[in-house]
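Visitor: The opening residue of the sequence shown carries number 83 in the working numbering; numbering runs sequentially from there.
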Amino acid sequence: MTVAVETEAPTATAAPALLELVDLHVGYGAITALKGIDLTVRQGEVVALLGANGAGKSTTLRTISGLLQPVSGEVRYGGERIDGVPAHQVVSLGIGHSPEGRRVFADMTVLENLRMGAYRFGKADPADLDRVFALFPRLAERRRQAAGTLSGGEQQMLAMGRALMGRPDLLLLDEPSMGLAPIIVAQLFDIIREINTQGTTVLLVEQNAAQALALADRAYVLETGTITVHGPATDLLHDPRIREAYLGG
Ligand code: ATP
């Protein structure tokens, strides 16, 4: 059963839906990872998708990106169905994905990694590079360095920067805080806020529920393939069930 927490914020309801997942079922062979989830991200929002290990968060993002095909249900983007659209075309529609584990090209330089993110345009636009370097000055300093030699936090910045080079309207972020020191996580979350302020809608997958709820407008909780709770992030922050299960009481 899905429990809606309070009412939606009036500003959030005013914006049109950019992304809609409708009764989405996704599996890996005999394993059903998503058991009919419904989720909406409105234009301009930061929406957090929370849940424990194995809940199905990465599966959700990989299905939106076209890396996985749903068994049934729909992925709608800007009102059009995109389930079945191959991943490279999904990028061209304006959906950027910073994957779990970063997946930077270790032997390539920072600059080469960023240029890979611009492949939908054929060639990187210098204005996009300038924007990424303004958001992540560390990447500018290390532009000639092999990505494999970067720290974990810098690799996370690179994964996000690479996704931004495709000039996405919707940015999917898979656990940007994973394995990073709290001070680095705080910096990254400030940058995610800035990216959103600049006009990019964000769907943020996180196990770090406190940080994610502090940043997000709304949030969904996924438990073994089912959305169990959703609502405004501030309401979830104060919900006793969420506090108990995800915020350490
Ligand atoms: P995590 O933070 O650990 O990645 P998650 O919430 O992102 O967790 P998913 O990676 O989406 O969870 O996994 C959801 C379910 O699907 C889990 O039961 C997982 O074991 C299973 N699963 C994920 N990837 C595969 C795969 N390639 N083959 C088979 N089962 C998989």
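Even glycine gets a Cβ: it sits at the ideal position worked out from N, Cα and C.
Since we're looking at a predicted model, the values are computed, not measured.
With DSSP run on the structure shown, which of helix, strand or coil describes V186?
Guide: Coil, per DSSP.
Visitor: Any idea what DSSP makes of T191, helix, strand or coil?
Guide: Reduced to three states, the DSSP call for T191 is strand.
Visitor: Confirm, please, whether the CB-CB distance from A130 to A294 is below 9 Å.
Guide: Yes, Cβ-Cβ distance for A294 and A130 is below 9 Å.
Visitor: Where does the unbroken beta strand (DSSP E) through E127 begin, and where does it stop?
Guide: Looking at the DSSP string, E127 is not in any beta strand (DSSP E), and its letter there is neither H nor E.
Visitor: Taking DSSP's pairing of strands, which residues face S154 in a bridge?
Guide: The partner list for S154 (beta bridge, DSSP) reads H107.
Visitor: With distances taken from each beta carbon to the nearest heavy atom of ligand 1, which residues come in below 6 Å, in chain order?
Guide: Every residue passing the under-6 Å Cβ criterion appears here: Y110, I113, A115, G133, N135, G136, A137, G138, K139, S140, T141, E182.
Visitor: Classify D120 as helix, strand or coil using the three-state DSSP reduction.
Guide: Looking at D120 - three-state DSSP - the assignment turns out to be strand.
Visitor: Could you tell me the boundaries of the alpha helix (DSSP H) in which Y328 lies?
Guide: Y328 -> alpha helix (DSSP H) spans 322-328.
Visitor: Measuring alpha carbon to alpha carbon, tell me which residue in A296, L143, L116 is nearest H107.
Guide: Nearest of A296, L143, L116 to H107, Cα basis: L116.
Visitor: Over the uninterrupted beta strand (DSSP E) stretch that includes E257, give me the two end residues.
Guide: No beta strand (DSSP E) contains E257, which DSSP labels as neither H nor E.
Visitor: Since R163 sits in a beta bridge, which residues does DSSP pair it with?
Guide: Looking at the DSSP assignment, R163 forms a beta bridge with R158.
Visitor: How far does the alpha helix (DSSP H) with S140 in it extend, from its first residue to its last?
Guide: S140 -> alpha helix (DSSP H) spans 139-146.
Visitor: Say yes only if the C-beta of N195 is nearer than 8 Å to one or more non-hydrogen atoms of ligand 3, and no if none qualify.
Guide: Inclusion of ligand 3 in the displayed structure is not the case, the ligand content consisting of ligand 1 alone.
Visitor: Starting from T308, trace the beta strand (DSSP E) in both directions and tell me its first and last residue.
Guide: Segment 308-314, the beta strand (DSSP E) holding T308.
Visitor: Once you ignore the five residues that flank V186 on each side, which residues in its own chain have a CB closer than 7 Å to its CB?
Guide: These residues qualify, in order along the chain: N195, A229, Q237, L240, A241.
Visitor: Which residue wins for smallest C-alpha separation from T122, given the options G109, G148, Y159, L319?
Guide: Considering only alpha carbons, the answer is Y159.
Visitor: For S180, collect the residues of the same chain with a Cβ closer than 6 Å to its Cβ; drop the 5 residues on either side in sequence, then sort them by chain order.
Guide: Around S180: A241, M242, A245, L255.
Visitor: From the beta carbon of I113, is the nearest beta carbon of chain C less than 9 Å away?
Guide: Here there is only one protein chain, and chain C is not present.
Visitor: State the Cα-Cα distance for the pair N135 and A268, rounded to the nearest angstrom.
Guide: Answer to the nearest angstrom: the Cα atoms are 22 Å apart.
Visitor: Give the DSSP-derived three-state secondary structure of P92 in the structure shown.
Guide: Summary for P92: the model assigns pLDDT 49, below 50, so the residue's position carries little reliability, and this model does not support an answer.
Visitor: Could you please give me the residues that DSSP links to E236 through a beta bridge?
Guide: None, per the DSSP bridge assignment.
Visitor: Taking the continuous alpha helix (DSSP H) assigned at A291, which residues delimit it?
Guide: 291-297 is the extent of the alpha helix (DSSP H) around A291.
Visitor: Buried or exposed: which applies to G330, given that a residue is buried once 16 or more other Cβ atoms fall within 10 Å of its Cβ?
Guide: Looking at its Cβ environment, which holds fewer than 16 other Cβ atoms inside 10 Å, G330 is exposed.
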